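Student: Under the working numbering, think of the first position of the sequence shown as 893, with each following residue one higher. Glycine included, every Cβ here is placed at the ideal spot set by N, Cα and C. Everything numeric in this text was worked out from a predicted model, so none of it was measured.
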Amino acid sequence: MTAWHQKTLTQLSNHLHQGDISSTALTEHFLNRMQEFNPSLNCYLAITADLALQQAQSADRRLKEKTATLLTGIPYAHKDIFCTQGIKTTCGSKMLENFVAPYDATVTKKLHEQGLVMLGKTNMDEFAMGSTNEHSYFGPCKNPFDLQRAPGGSSGGSASAVAAGLAVFSTGSDTGGSIRQPASFCHLVGIKPTYGRVSRYGMIAFASSLDQGGVLSQSVADAALVLEAMSGHDPLDSTSAHQPVPQYFNLLNNAPNSFKVAVPRSFFEAMDPSSQEAFKKVLEHIRSIGGEVDFIDFNIQDIVIPTYYIIAPAEASSNLARYDGVRYGYQTPHAKNLEDLYMKTRGEGFGAEVKRRILMGTYVLSSGYYDAFYQKALKVRALINSGFQEIFKKYHVIATPTALSEASLLKSHDHDPLAMYYSDLCTVSVNLANLPAISLPLMQRHGLPLGFQLIGNHFDELTLLQISHKLEQVSPWVDHLSPIKARS
Ligand code: GLN
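So this is what it looks like as structure tokens:
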């Protein structure tokens, strides 16, 4: 029999509802595995065993009383960017090392209302800035497919936990690829919905016009279930959209019989020949389920990284101004006066990558440079968006790889931050245009996982999920296990 931690959310939900296992026993199974494997992976920053067992007990009551939903009793991992009342929320930073949020993020609240069981809070790059999880104050997290490699970032802990069988699914946030890229490197499904689909209330801000919460899971159906529970308008987030949330899960099997897929030639040509072959195989599967594939010209690859790395740091420099050592978070014990307090608190509390972003962001917003950099980047962002809109006049979805290479070796970007920035080439444009996108574990490079990305039009997560679900059926991936997950 397949071990419990090798099953998908939808499979486990059936087992819970049929009484094959209780949520308490399932939770204990995961907590035991976390104890065994977390020391080598470092994917959890906090293990919330007491809370998890309490939540599991009340889930068992709901299951007995028949008031359970499909998510009730499922153990999951929560990215440490989401506020959790009474439990530390560090955002991977020394600045918030001892910060206990006085309230729950809307995402936390919605998930817990479903009766989900939170196993712990996951490791991440500090303030979600990074692509390898190596910028966490709490040390790097490892990729369960190869412990010498990074799991991707910034939601590295979330990806590593699910890929290692230390959670059924996890939450993530995606400002420039932080859900999709770790999903790609850890052989998972990762969905970033349209900006505004999921409330940002209580999700610690990095770049507010780009940040969006989402899901890392083992199957498309799992992602559909969780995304549905997370989504919806929230009066506490003025940028959350007044858009009805479709029944993603119930409508999964209603994919269009025929649909049109655009492949930007520039992204295809950026891959090496072996990845191009792998990509073409997926296109064959897409054709077999009714997709009509066209290669198109969409040459944004030279402008997306500079545009993103102006806008995101600009917004970050403003958002992170709040960490002044006065209101909450780290405060230096060495201050001589108020100015000294600000300088030392921020100098000691932030790590190198965060400081680099604050410096870049402050620079591009400063007088004399504002028009040349920030304003110009906003104009280019508008052009990128209209370029996508032109494509969506003719096509249902756009296909690209999620990344050009597999997970990097730890420390390989240490002396070259630009190389790390360029690894976001295939993901950042989606955030700049506020679009939804999904990474599917359909490719490999050098024997390691590599994601295939589908991008949809605004608020059309449903089509993305439906096509992905159909693709999963002709090209299943859920049996591909990491070495750690394979251990029962
Ligand atoms: N890697 C990108 C960055 O460092 C994206 C991060 C994210 O999506 N949070 O900015």
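Can you give me the start and stop residues for the alpha helix (DSSP H) that G1105 sits inside?
Tutor: Position 213 of the sequence shown, counted from the start, is the residue given in the question as residue 1105. Segment 1105–1109 is the beta strand (DSSP E) holding G1105; no alpha helix (DSSP H) there.
Student: Helix, strand or coil, according to DSSP, for T1294 in the structure here?
Tutor: Start at 1 with the first residue of the sequence shown, and residue 1294 comes out as number 402. Residue state, collapsed to three classes: coil.
Student: Can at least three beta-carbon pairs, one atom from the segment 1303–1311 and one from the segment 1044–1052, be found at a separation below 8 Å?
Tutor: No, the segment 1303–1311 is not in contact with the segment 1044–1052.
Student: Starting from the Cα of L1080, find the closest Cα among P1198, F1344, N906, H909 and give me that residue.
Tutor: As a first step, residue 1080 must be located in the sequence shown, where it is residue number 188. It is F1344 whose Cα lies nearest to the Cα of L1080.
Student: Does the structure place the segment 1008–1016 close enough to the segment 1026–1037 that three or more beta carbon pairs sit under 8 Å?
Tutor: The segment 1026–1037 is in contact with the segment 1008–1016.
Student: Taking three-plus beta-carbon pairs below 8 Å as touching, is the segment 1146–1155 in contact with the segment 1100–1110?
Tutor: Contact between the segment 1146–1155 and the segment 1100–1110 is absent, because fewer than three Cβ pairs lie under 8 Å.
Student: Distance check for S1062 and S1167, CA to CA, integer angstroms please.
Tutor: Against the sequence shown, residue 1167 aligns to sequence position 275. Against the sequence shown, residue 1062 aligns to sequence position 170. Roughly 28 Å separates the two Cα atoms.
Student: According to DSSP, is K1236 part of a helix, a strand, or is it coil?
Tutor: Sequence index remark: in the sequence shown, residue 1236 carries index 344 (1-based). Of the three classes helix, strand and coil, the one that applies to K1236 here is helix, per DSSP.
Student: Is T1067 near ligand 1 - that is, is its Cβ less than 6 Å away from at least one heavy atom of it?
Tutor: One-based indexing of the sequence shown puts residue 1067 at position 175. Yes.
Student: Taking the beta carbon of R1179 as the centre, do at least 16 other beta carbons fall within 10 Å, making it buried, or is it exposed?
Tutor: Residue 1179 sits at position 287 when you count from the first residue of the sequence shown. With fewer than 16 Cβ atoms within 10 Å of its Cβ, R1179 is classed as exposed.
Student: Name the DSSP beta bridge partners of V1185, please?
Tutor: As a working note, residue 1185 is residue 293 in the sequence shown. Note: V1185 sits in a beta bridge opposite V1153.
Student: Tell me which residues share the same chain as S1300 and place their Cβ nearer than 7 Å to its Cβ, disregarding the 5 neighbours each side in the sequence.
Tutor: Translated into the one-based positions of the sequence shown, residue 1300 becomes position 408. So the list reads T1024, R1041, A1042, once near-sequence residues are dropped.
Student: Measure the Cβ-Cβ separation of A1075 and G1082 and say whether it is below 7 Å.
Tutor: On the sequence shown, position 183 is the one that residue 1075 refers to. On the sequence shown, position 190 is the one that residue 1082 refers to. Closer than 7 Å, so yes.
Student: Roughly how many angstroms lie between the CA atoms of I1181 and R1157, to the nearest whole one?
Tutor: Residue numbering aside, residue 1181 sits at position 289 when the sequence shown is read from its first letter. Residue numbering aside, residue 1157 sits at position 265 when the sequence shown is read from its first letter. The straight-line gap from Cα to Cα measures roughly 22 Å.
Student: I'd like to check one pair, D1126 with T998: are the Cβ atoms closer than 7 Å?
Tutor: The count along the sequence shown starts at 1 and reaches residue 998 at position 106. The count along the sequence shown starts at 1 and reaches residue 1126 at position 234. It is a contact, given that the beta carbons lie within the stated cut-off.
Student: S1070: beta carbon under 6 Å from a heavy atom of ligand 1?
Tutor: Sequence index remark: in the sequence shown, residue 1070 carries index 178 (1-based). At least one heavy atom of ligand 1 is nearer than 6 Å to the Cβ of S1070, so yes.
Student: Would a C-beta distance cut-off of 7 Å place D1129 and Y1093 closer than the cut-off?
Tutor: Taking the sequence shown and counting its residues from 1, the one referred to as residue 1129 is at position 237. Taking the sequence shown and counting its residues from 1, the one referred to as residue 1093 is at position 201. Yes.
Student: What three-state label does DSSP hand D1194 in the structure shown?
Tutor: Position 302 of the sequence shown, counted from the first residue, corresponds to residue 1194. Residue state, collapsed to three classes: coil.
Student: Indicate, with yes or no, if ligand 1 has a heavy atom lying under 6 Å from the CB of D1308.
Tutor: Position 416 of the sequence shown holds residue 1308. Checking the Cβ of D1308 against ligand 1 gives no.
Student: For Y1201, I'd like the list of residues in its chain whose CB is within less than 8 Å of its CB, leaving aside the five on either flank, ordered along the chain.
Tutor: Walking along the sequence shown from the start, residue 1201 turns up at place 309. Hits under 8 Å: M1252, Y1313.
Student: In the segment 997–1036, which residue ranges form an unbroken beta strand (DSSP E) of at least 3 residues, counting only runs that do not cross its ends?
Tutor: Those beta strand (DSSP E) runs which fall completely within the segment 997–1036 and span 3+ residues are 1009–1014.
Student: Could you spell out the range, first to last residue, of the alpha helix (DSSP H) harbouring A1115?
Tutor: As a working note, residue 1115 is residue 223 in the sequence shown. Its alpha helix (DSSP H) spans residues 1112–1122.
Student: For D1316, verify whether its CB is less than 6 Å away from any heavy atom of ligand 1.
Tutor: Your numbering for residue 1316 matches position 424 in the sequence shown. Yes - ligand 1 has a heavy atom lying nearer than 6 Å to the Cβ of D1316.
Student: For W1369 and P1328, what's the separation of their Cα atoms in angstroms?
Tutor: Here residue 1369 refers to the residue found at position 477 when the sequence shown is read from its first residue. Here residue 1328 refers to the residue found at position 436 when the sequence shown is read from its first residue. Approximately 22 Å between the Cα atoms of the pair.
Student: Helix, strand or coil, according to DSSP, for V1218 in the structure here?
Tutor: Within the sequence shown, the letter at position 326 stands for residue 1218. V1218 falls in the coil class under three-state DSSP.
Student: Looking at ligand 1, does it come within less than 6 Å of G1022, judged from the CB to the closest heavy atom?
Tutor: Translated into positions along the sequence shown, residue 1022 becomes position 130. Flag set: Cβ of G1022 near ligand 1.
Student: Going along the chain, which residues of its own chain have a beta-carbon closer than 6 Å to the beta-carbon of A1325, five neighbours each way excluded?
Tutor: Along the sequence shown, one-based indexing puts residue 1325 at 433. Same-chain partners within the cutoff: I1276, N1277, F1280.
Student: Is S1046 near ligand 1, in the sense that its beta carbon is under 6 Å from a heavy atom of that ligand?
Tutor: For this step, residue 1046 is matched to residue 154 along the sequence shown. Yes.
Student: Is there at least one non-hydrogen atom of ligand 1 closer than 6 Å to the beta-carbon of A1325?
Tutor: Position 433 of the sequence shown holds residue 1325. Outside the cutoff, so no.
Student: What does a CB cutoff of less than 6 Å around A1208 pick up in its chain, not counting 5 residues either side in sequence?
Tutor: Residue numbering aside, residue 1208 sits at position 316 when the sequence shown is read from its first letter. Excluding sequence neighbours, A1208 sits near F1098, A1099, R1249, G1253.
Student: Taking DSSP's pairing of strands, which residues face F1344 in a bridge?
Tutor: Numbered from its first residue, the sequence shown carries residue 1344 at position 452. P1293, L1332.
Student: Ordered along the chain, which non-local residues of its own chain (more than five positions away) have a Cβ less than 7 Å from that of S1052?
Tutor: Locating residue 1052 in the sequence shown gives position 160, counting from the first residue. Here the set comprises L933, C935, C1033, K1034, N1035, P1036, P1043, C1078.
Student: Going by the CB atoms, is the gap between R1072 and S1331 shorter than 7 Å?
Tutor: Sequence index remark: in the sequence shown, residue 1331 carries index 439 (1-based). Sequence index remark: in the sequence shown, residue 1072 carries index 180 (1-based). Yes, these two residues count as a Cβ contact at 7 Å.
Student: How should E1353 be labelled, buried or exposed, when 16 other C-beta atoms within 10 angstroms of its C-beta is the threshold for buried?
Tutor: Against the sequence shown, residue 1353 aligns to sequence position 461. Counting Cβ neighbours within 10 Å, E1353 comes out buried, since at least 16 surround it.
Student: What residues are listed by DSSP as bridge partners for R1095?
Tutor: Numbered from its first residue, the sequence shown carries residue 1095 at position 203. It is worth fixing the name first, because residue 1095 is Met in this sequence and not Arg. Partner(s): F974.
Student: With 16 as the cutoff for other CB atoms within 10 Å, does Q927 come out buried or exposed?
Tutor: Translated into the one-based positions of the sequence shown, residue 927 becomes position 35. Per the 10 Å Cβ criterion, exposed.
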